[in-house]
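Engineer: If you read the sequence shown in my numbering, its first letter stands for residue 62, the second for the next number, and so on. Virtual Cβ for every residue (Gly too), placed ideally from N, Cα, C. Please read all numbers here as calculations on a predicted model, not as lab measurements. Pasting a structure below so you can have a look.
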Amino acid sequence: MKVVHVREVANVAQGLLLGLQELGHQAELLKPRESTEPRVARKLLLAPQRIADALEINRHIRHRGFDIVHLHYANSGWMGTLGRYRFVLHCHGSDVRANLYHPMHKWLVRYSLKRADLVMFSTPDLYPHIARIRPDATFLPNPIDTRGFADNQAETLGGVRVLINLALNPSKAPQIAFEAAREIKRRCPDVEICAIASGPLYSSFQRYRGVRFLDPVPHAEMAQLINSYDVVLGQFLIGSLGMSELESMACAKPVVCYLDTDLYSRWYGEAPPVVSASTADAAAQSAIKLIQDPLWRQDLGRRGREWVVRHHDYRTVAAQMVDHYHGMLVEAR
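And the structure:
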């Protein structure tokens with residue numbers, strides 16, 4: 062099977078391509094230029110560039126004769142319409158959580174969802190948003206390279222260390238993690254707490270006492286970074302595990318975050334072994350217990366890695382995706 066993925070979101074496409082290639086399929090990734098500019102007026106100025114990129118990508122797709130065109134991000138359906146080909150539309154997060162309700166973006170997201178031949182979503186919390194338009198949408202877990210993201214079996218030096226492993230944006234509720242960090246530091250002053258200087262809210266937190274900020278590192282170095290910490294604080298809003306939480310679990314690190322267990326019972330049949338908390342106080346209490354109990358840290362980390370290997374290993378996820386591709390192709394005949 063010849064497959065092309067268009068756009069990259071949180072290294073998901075790269076993980077899926079790796080799995081496809083190991084399963085013997087021809088797969089490649091095309092990356093159009095992206096705008097990180099939040100202001101709509103500036104985005105509109107870049108529209109001619111994006112259209113030019115789309116035309117070039119569509120020429121490549123026609124020339125190569127792919128069996129599957131897999132578009133990432135919920136508003137990408139316009140590329141498929143422009144190229145006049147069938148496509149998979151893969152939803153990742155704020156592209157439906159926020160943009161589906163945005164006065165300027167919602168029409169394009171709705172159009173893309175309706176136009177797609179197959180809609181996939183990457184975290185369980187997204188389905189209620191998508192279901193009103195595409196109740197037939199398919200859940201595809203995010204792929205994790207569990208060979209690279211693994212427990213290095215090394216003890217951290219200098220005492221227990223805590224990592225706030227999340228992008229500093231509103232959808233992750235970082236204020237809960239930082240308020241929890243303040244309480245952890247008050248009660249456990251010798252514990253080092255670090256966060257990654259990444260995301261639009263960084264300036265709001267950069268002077269937070271008790272938290273040391275780290276420069277962002279390439280994705281290839283994230284496993285090494287995670288493995289130098291003992292406890293991870295994740296997101297505290299959406300109720301689903303993102304790539305940061307999953308990669309931390311794959312490294313056998315215990316994770317404290319907010320989890321909607323009902324969502325996981327429906328889509329996985331079992332809840333992941335994380336410590337769920339929805340308030341700063343609860344998160345701090347849980348983290349402190351983990352700090353003080355090395356046997357619990359070890360057990361929770363081990364079970365977390367086993368769960369990620371079972372549900373999110375990139376090879377397992379790619380095999381599921383291929384089954385969905387085959388179903389789409391059969392329906393097209």
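Checking the sheet assignment: what are the DSSP bridge partners for LEU132?
Structural biologist: Start at 1 with the first residue of the sequence shown, and residue 132 comes out as number 71. Its beta-bridge partners are VAL67, LEU150.
Engineer: Note down, in chain order, each residue of its chain lying with its Cβ closer than 7 Å to the Cβ of GLU240, except the 5 sequence neighbours on either side.
Structural biologist: Within the sequence shown, residue 240 is the residue found at index 179, counting from 1. Same-chain partners within the cutoff: ALA341.
Engineer: Going by the CB atoms, is the gap between GLU69 and ILE205 shorter than 8 Å?
Structural biologist: Working through the sequence shown from its first residue, we reach residue 205 at position 144. Working through the sequence shown from its first residue, we reach residue 69 at position 8. No. Outside cutoff.
Engineer: At the level of alpha carbons, what is the spacing between TYR386 and ILE129?
Structural biologist: Against the sequence shown, residue 386 aligns to sequence position 325. Against the sequence shown, residue 129 aligns to sequence position 68. Near 7 Å, if we compare the C-alpha coordinates of ILE129 and TYR386.
Engineer: Pick from ASP197, THR207, ALA74, LEU187: whose alpha carbon is nearest that of MET310?
Structural biologist: Locating residue 310 in the sequence shown gives position 249, where the first residue counts as 1. Looking at the Cα atoms, THR207 is the closest of the given residues.
Engineer: With distances taken from CA atoms, which of VAL272, SER264, ALA344 is nearest LEU298?
Structural biologist: Taking the sequence shown and counting its residues from 1, one reaches residue 298 at position 237. Looking at the Cα atoms, ALA344 is the closest of the given residues.
Engineer: Can you give, in chain order, each stretch of the alpha helix (DSSP H) that sits fully within the region 286-367 and has at least 4 residues?
Structural biologist: 304-311, 322-328, 341-353
Engineer: Got a sec? Which residues, its chain only, sit under 6 Å from CYS255 by beta carbon, not counting five neighbours each side?
Structural biologist: Reading the sequence shown from its first residue, position 194 is the one you call residue 255. So the list reads LEU224, ARG273, LEU275, once near-sequence residues are dropped.
Engineer: Is ARG176 helix, strand or coil by DSSP?
Structural biologist: Residue 176 sits at position 115 when you count from the first residue of the sequence shown. DSSP places ARG176 in helix when its eight states are reduced to three.
Engineer: Taking only runs that begin and end inside the region 177-209, name each unbroken alpha helix (DSSP H) of 4 or more residues, in chain order.
Structural biologist: Taking only runs of at least 4 residues, the alpha helix (DSSP H) segments lying wholly in the region 177-209 are 188-192.
Engineer: Compare the Cα-Cα distances from ARG222 to each of SER155, GLU282, LEU351 and report the closest residue.
Structural biologist: As a first step, residue 222 is located in the sequence shown; it is residue number 161 there, counting from the start. Among SER155, GLU282, LEU351, the Cα nearest to that of ARG222 belongs to LEU351.
Engineer: Would you check if there are 3 or more beta carbon pairs closer than 8 Å linking the region 282-295 to the region 311-324?
Structural biologist: With a cut-off of 8 Å, the region 311-324 and the region 282-295 count as touching, because enough Cβ pairs lie within range.
Engineer: For the region 65-84 against the region 363-379, are there 3 or more C-beta pairs whose distance is under 8 Å?
Structural biologist: yes
Engineer: By DSSP's criteria, GLN87 is part of a beta bridge. Which residues make up the other side?
Structural biologist: Here residue 87 is taken as the residue at index 26 of the sequence shown, counted from 1. Bridge partners of GLN87: LYS63.
Engineer: Are the CB atoms of GLU89 and VAL73 within a distance shorter than 8 Å?
Structural biologist: Looking up residue 73 in the sequence shown gives position 12. Looking up residue 89 in the sequence shown gives position 28. Not in contact: VAL73 and GLU89 (Cβ atoms no closer than 8 Å).
Engineer: From this set, LYS63, GLN75, GLY76, which residue's C-alpha is nearest GLN87's C-alpha?
Structural biologist: Mapped onto the sequence shown, residue 87 falls at position 26. Measuring from the Cα of GLN87, the nearest candidate turns out to be LYS63.
Engineer: Can you grab the Cα-Cα spacing for the pair LEU294 / VAL391, in whole Å?
Structural biologist: Your numbering for residue 294 matches position 233 in the sequence shown. Your numbering for residue 391 matches position 330 in the sequence shown. So the alpha carbons of these two residues sit roughly 44 Å apart.
Engineer: Let me confirm a value: ASN160 is counted as buried when at least 16 other C-beta atoms fall within 10 Å, else exposed. Which label applies?
Structural biologist: As a position in the sequence shown, residue 160 is number 99, starting the count at 1. ASN160 is buried by the Cβ-count criterion.
Engineer: Tell me the start and end of each unbroken alpha helix (DSSP H) in the region 241-286 that is at least 4 residues and wholly inside, in chain order.
Structural biologist: 263-266
Engineer: Please say whether PRO231 and LEU262 have beta carbons closer to each other than 8 Å?
Structural biologist: One-based indexing of the sequence shown puts residue 262 at position 201. One-based indexing of the sequence shown puts residue 231 at position 170. Going by C-beta atoms, LEU262 is nearer than 8 Å to PRO231.
Engineer: Could you work out which residue in SER173, LEU116, PRO235 is closest to TYR319 when comparing CA atoms only?
Structural biologist: Numbered from 1 along the sequence shown, position 258 holds the residue referred to as residue 319. Cα-wise, what sits closest to TYR319 is PRO235.
Engineer: Between GLU306 and ALA211, what straight-line distance do the alpha-carbon atoms span, to the nearest angstrom?
Structural biologist: As a working note, residue 306 is residue 245 in the sequence shown. As a working note, residue 211 is residue 150 in the sequence shown. Near 13 Å, if we compare the C-alpha coordinates of ALA211 and GLU306.
Engineer: List the endpoints of the continuous alpha helix (DSSP H) containing LEU390.
Structural biologist: Within the sequence shown, residue 390 is the residue found at index 329, counting from 1. First-last of the alpha helix (DSSP H) with LEU390: 375-393.
Engineer: Should PRO202 be flagged as near chain B, meaning a C-beta pair shorter than 8 Å?
Structural biologist: Of the protein chains in the structure, only one exists, and it is not chain B.
Engineer: Could you pull out every residue in the same chain whose Cβ sits closer than 7 Å to the Cβ of ASN213, ignoring the five residues on either side in sequence?
Structural biologist: Reading the sequence shown from its first residue, position 152 is the one you call residue 213. Here the set comprises ASN288.
Engineer: Find the nearest neighbour of ASN226 within the set ARG268, MET304, LEU78, TYR269, judged by alpha-carbon distance.
Structural biologist: The residue given as residue 226 occupies position 165 in the sequence shown. With distances taken between Cα atoms, ASN226 lies closest to MET304.
Engineer: With respect to the beta strand (DSSP E) encompassing LEU143, which residues constitute its N-terminal and C-terminal limits?
Structural biologist: Along the sequence shown, one-based indexing puts residue 143 at 82. Unbroken run through LEU143 is the alpha helix (DSSP H), 138-144; no beta strand (DSSP E).
Engineer: Indicate whether THR322 and ALA338 have their beta-carbon atoms separated by less than 8 Å.
Structural biologist: Walking along the sequence shown from the start, residue 322 turns up at place 261. Walking along the sequence shown from the start, residue 338 turns up at place 277. No, the Cβ-Cβ distance between THR322 and ALA338 is not below 8 Å.
Engineer: Measuring only the C-alpha atoms, how far is GLU244 from ARG158?
Structural biologist: Working through the sequence shown from its first residue, we reach residue 244 at position 183. Working through the sequence shown from its first residue, we reach residue 158 at position 97. Cα to Cα, GLU244 sits roughly 31 Å from ARG158.
Engineer: Buried or exposed for ASP23, going by 16 or more other Cβ atoms inside 10 Å?
Structural biologist: The question about residue 23 has no answer, for the chain in this structure spans 62 to 394.
Engineer: Go through its chain and collect everything with a Cβ distance to ASP156's Cβ below 6 Å, but skip five positions before and after it.
Structural biologist: Taking the first residue of the sequence shown as 1, we reach residue 156 at position 95. These residues qualify, in order along the chain: TYR134, ALA135.
Engineer: Taking the alpha helix (DSSP H) that ARG158 belongs to, which residues open and close that run?
Structural biologist: Along the sequence shown, read from residue 1 onward, the residue named residue 158 stands at position 97. Counting along the chain, the alpha helix (DSSP H) containing ARG158 begins and ends at 155-158.
Engineer: Going along the chain, which residues of its own chain have a beta-carbon closer than 6 Å to the beta-carbon of GLN359, five neighbours each way excluded?
Structural biologist: Against the sequence shown, residue 359 aligns to sequence position 298. Within the same chain, GLN359 has no close Cβ partners at all.
Engineer: Flag this pair as yes or no: are the beta carbons of ALA131 and SER183 separated by less than 8 Å?
Structural biologist: The residue you call residue 131 lines up with position 70 of the sequence shown. The residue you call residue 183 lines up with position 122 of the sequence shown. Residue 131 is actually His in this sequence, not Ala. Against a cut-off of 8 Å, the Cβ pair of SER183 and HIS131 comes out as no contact.
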